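Peer 1:
In the working numbering, the protein residues as written are 191 to 471.
1) I'd like the ranges of any beta strand (DSSP E) spanning at least 3 consecutive residues and lying wholly in the region 249-322.
2) For residue 462, count neighbouring C-beta atoms within 10 Å of its own C-beta (all shown protein chains included) and say buried if the count is 16 or more, exposed if not.
3) What is the DSSP secondary structure of residue 237, counted as helix, strand or coil?
4) Taking 8 Å as the limit between beta carbons, can you name the residues of its chain near residue 402, skipping five residues before and five after?
5) Residue 423: buried (16+ other C-beta within 10 angstroms of its C-beta) or exposed?
6) To the nearest whole angstrom, what separates the beta carbons of residue 363 and residue 375, a pair I think is in contact under 8 Å?
7) Tell me, to the nearest whole angstrom, how far the beta carbon of residue 349 is from that of residue 387; I am working on the premise that it is less than 8 Å.
8) On the DSSP bridge assignment, give the partners of residue 363 in chain order.
9) For residue 385, I'd like the list of residues in its chain whose CB is within less than 7 Å of its CB, leaving aside the five on either flank, ordered along the chain.
10) Can you find at least 3 beta carbon pairs, one from the region 232-244 and one from the region 314-321, that sit closer than 8 Å?
11) Would you check if the distance between the CB atom of residue 260 and the CB atom of residue 312 is smaller than 9 Å?
12) Note down, in chain order, each residue of its chain lying with its Cβ closer than 6 Å to the Cβ of residue 303, except the 5 sequence neighbours on either side.
13) Does DSSP classify residue 401 as helix, strand or coil?
14) According to DSSP, simplified to helix, strand and coil, what is residue 441?
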């Protein structure tokens, strides 16, 4: 009886700590506008429930860091599920489990790196509360965790943001490109990489392949896609005319990690239910 009580109390305390953390972080979104909004009680409750599920799963593993993905934008028209990914770090200075990720500043052409509690991570006006954790092999995870705890040193962050940044571009970066470059900078072979272009070049040589996103030229010109956070100029003219844009996506990162054997385990929730096996990303 006492064991059950203590377990329930720990769950309650964790949920309260995660929920209270939501007031501590400024609002920013991955590639969207973020006009001042009040987050409804229902959305906070849903985010807290997801955060609790994720934190409990993370606590089950003796790993210092993992990748965590969410559905912030509906990308089903492009055949994609997850729109955003970051790292979740154990015993970060900001808290037991802290999401470290790159966010666009409210539809502008700028970005910043954020360290947020898990409730914040799942509260950014998401499409749904689906989530996926990807754990890495131990050696890479240890290096990556040390790197993330030492930020902003060797951040590999380019604050000039573009939603469709060309992979390997020195001019622009988005949230998924930053994650890939950090992974490459902490590659399993132990080579120290402190340059963004070198990081992407390493990932490319190691077998990473970006996704292709189709944006017709007519839609780009006539469809209102000339916004501050979507720059096309780092893509060659041939790409712009064809409308086939290479982009680092959550799916391409997860496929790469799985294919190369860098992912040790994955866990996914759809509609609040733990899946027997991860689905499409």
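Don't be surprised by glycine CBs; every beta carbon is placed ideally from N, CA and C. Bear in mind the structure is a predicted one, so any value in this text is a computation, not a measurement.
Peer 2: Per the coordinate set shown:
1) 255-260, 274-282, 285-294 and 301-307
2) exposed
3) helix
4) 434, 435, 436 and 437
5) Residue 423 counts as exposed, since fewer than 16 other C-beta atoms from the protein chains shown sit within 10 angstroms of its C-beta.
6) Incorrect: roughly 13 Å between the Cβ atoms, too far for contact.
7) 16 Å between Cβ atoms; not a contact.
8) 351
9) none
10) yes
11) yes
12) 292 and 347
13) strand
14) helix
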